[in-house]
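The structure appears below as structure tokens.
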Amino acid sequence: MAFDFPKINPVALSLGPLEIHWYALAYVVGFIVAWRLAIHICKLDKDDPQYRPNGYDIDDYLTWAILGVLLGGRIGYVLFYNLPTYFDNPLEALKVWHGGMSFHGGVIGVVTSLVLYSKIKKVPFWRLADVAAAVTPLGFFLGRLANFVNGELYGRVTD
Numbered sequence: 001m002a003f004d005f006p007k008i009n010p011v012a013l014s015l016g017p018l019e020i021h022w023y024a025l026a027y028v029v030g031f032i033v034a035w036r037l038a039i040h041i042c043k044l045d046k047d048d049p050q051y052r053p054n055g056y057d058i059d060d061y062l063t064w065a066i067l068g069v070l071l072g073g074r075i076g077y078v079l080f081y082n083l084p085t086y087f088d089n090p091l092e093a094l095k096v097w098h099g100g101m102s103f104h105g106g107v108i109g110v111v112t113s114l115v116l117y118s119k120i121k122k123v124p125f126w127r128l129a130d131v132a133a134a135v136t137p138l139g140f141f142l143g144r145l146a147n148f149v150n151g152e153l154y155g156r157v158t159d
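Numbering (our numbering) for the sequence shown: 1 to 159.
In structure tokens form, the structure reads like this:
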């Protein structure tokens with residue numbers, strides 16, 4: 001008996017020519033909730049304030065994290081999944097609206113942003129990485145829900 005996969009419209013909301021996809025909403029909601037949760041986690045940490053990130057560090061790092069996820073995810077997709085196509089048409093790599101993000105590239109991008117931010121802003125790397133690691137599963141969860149809505153990554157049909 002085969003299970004018919006439901007066909008869900010990947011567009012959550014249309015405003016004239018602007019289409020807002022479920023996948024984009026997953027990113028936005030994930031970043032906002034992870035940001036607020038990270039600030040809360042920092043407030044719970046009772047260690048010496050000079051050795052832990054604070055709310056201002058989290059506010060500041062959020063931009064770095066977003067860039068790490070988006071740039072790393074896109075660059076990872078180009079390098080790991082479709083490199084020959086982008087060698088032939090390099091400008092296609094900039095067309096993010098055609099889709100293509102890589103989990104592996106996003107992780108590499110976030111780790112890179114953590115290292116750079118920690119060095120530049122003099123925030124202890126492992127403390128900031130602990131906070132990032134605590135909120136990251138939320139983004140993974142929302143990303144996988146968006147994959148489901150897009151009809152991706154749900155597995156192969158079996159007997």
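Beta carbons are placed, not taken as given, at the ideal position from N, Cα and C, and that holds for glycine.
- Closest by C-alpha distance to LEU142, out of ASP4, LEU25 and GLY16, is LEU25.
- Taking the Cα positions, LEU153 is about 6 Å away from ASN147.
- Between LEU114 and LEU91, the C-beta gap is not smaller than 7 Å, which leaves the two residues out of contact.
- Residues VAL78 and TYR86 of the same chain have their beta carbon placed closer than 7 Å to that of ALA93, with the five preceding and five following residues left out of the count.
- The alpha-carbon separation between TYR27 and HIS21 amounts to approximately 10 Å.
- Taken in chain order, the unbroken stretches of beta strand (DSSP E) that lie wholly in the stretch 11 to 40 and span 3 residues or more are 11 to 15 and 18 to 21.
- In the structure shown, ASP130 adopts helical secondary structure according to DSSP, grouped into three states.
- For LEU114, the secondary structure class from DSSP, reduced to helix, strand or coil, is helix.
- For LEU83, the uninterrupted alpha helix (DSSP H) run begins and ends at 83 to 88, by DSSP.
- Taking 7 Å as the cut-off, the beta carbon of ALA38 is found closer than this to the beta carbon of VAL131.
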